[in-house]
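Undergrad: Residue numbers (this note's numbering): 509 to 632.
Right, dumping it as structure tokens:
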């Protein structure tokens, strides 16, 4: 695992714990030995108020590669949700999650989740 990726993810975890939107969840998973796996996060995004998604809490997994933040995380709804911005596999389709398009190393976990939250209700 890359020291750069782990350092950045550790900083992001601290920032998230200090300040994150109400109702959102982002927690690194645990390794078999009980240590944190910063490369694999279990997340949840609440449905937006006033939409058909309201009241739901949608589970999302964020997987980070060793070259993070040079490459974006893979974000996948588990179980998959039916939505135009979500592939049948559950993988989120957003330009900021594509290295060749709008991904920038300065984009934070908080920004990824906010962008994911903002596109879900557009199609309802």
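The C-beta atom is built at its ideal place from N, Cα and C for all residues, glycine as well.
#1: At what residues does the alpha helix (DSSP H) containing residue 582 begin and finish?
#2: Grab me the residues of residue 514's own chain with a C-beta within less than 7 Å of its C-beta, minus the 5 sequence neighbours each way, in chain order.
#3: Give me the Cα-Cα distance between residue 521 and residue 530, rounded to the nearest whole angstrom.
#4: Decide if residue 624 is buried, meaning its Cβ has at least 16 other Cβ atoms within 10 Å, or exposed.
#5: Restricting to Cα atoms, I'd like to know which of 596, 590, 578 is closest to residue 605.
#6: Please go through the same chain and pick out, in chain order, the residues whose beta-carbon is closer than 8 Å to the beta-carbon of residue 516, but skip the five residues on each side of it.
#7: What is the DSSP secondary structure of residue 528, counted as helix, strand or coil?
TA: Reading from the atomic positions:
#1: Within the chain shown, numbered from 1, the residue matching residue 582 stands at position 74. It is not in any alpha helix (DSSP H) - residue 582 instead sits in the beta strand (DSSP E) that spans 582–585.
#2: By one-based count along the chain shown, residue 514 stands at place 6. Taken in chain order, the residues that qualify are 546.
#3: To locate residue 521, count along the chain shown from 1; it is residue 13. To locate residue 530, count along the chain shown from 1; it is residue 22. Each residue's alpha carbon lies about 16 Å from the other.
#4: Taking the chain shown and counting its residues from 1, the one referred to as residue 624 is at position 116. Buried is the call here.
#5: The count along the chain shown starts at 1 and reaches residue 605 at position 97. Nearest of 596, 590, 578 to residue 605, Cα basis: 578.
#6: In the chain shown, counting from the first residue as 1, residue 516 sits at position 8. So the qualifying residues of the chain are 576, 577.
#7: Stepping through the chain shown from its first residue, residue 528 is reached at position 20. Three-state DSSP puts residue 528 in coil, outside helix and strand.
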